[in-house]
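Written below as structure tokens is the structure these notes are about.
In UniProt numbering, the protein residues as written are 1 to 112.
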């Protein structure tokens, strides 16, 4: 079962709690176990473009559409047997302590 793991930064969050692993340790652990299929950091929202098509017209604007303090800082593509396994993998990511991790199961298109 594939999951998209969104790594969400929250610059307003302050904590003294230390993460379970460093990001380097987490990447090594998940790569060696075969759970992490791909992943990377993302540039900040100031480098983003939002694209919309409305009534045949294309609009491209700077930055994210949503006004929020939190922003998607990275992603990982996980292959896990269960949602519980994906949750366990996510809890060990450093941003589980210093941000938020969002897990989304894939919903494959059933194309005929």
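By construction, the Cβ of each residue, glycine as well, lies at the ideal position given by its N, Cα and C atoms.
Residue 61 sits in a strand when the DSSP states are folded into three classes. Annotation: the continuous beta strand (DSSP E) that includes residue 79 extends over 71-79. Taking 8 Å as the cut-off, the beta carbon of residue 105 is found closer than this to the beta carbon of residue 83. Buried is the label assigned to residue 36, since at least 16 other Cβ atoms lie within 10 Å of its Cβ.
Residue 78 counts as buried, since at least 16 other C-beta atoms from the protein chains shown sit within 10 angstroms of its C-beta.
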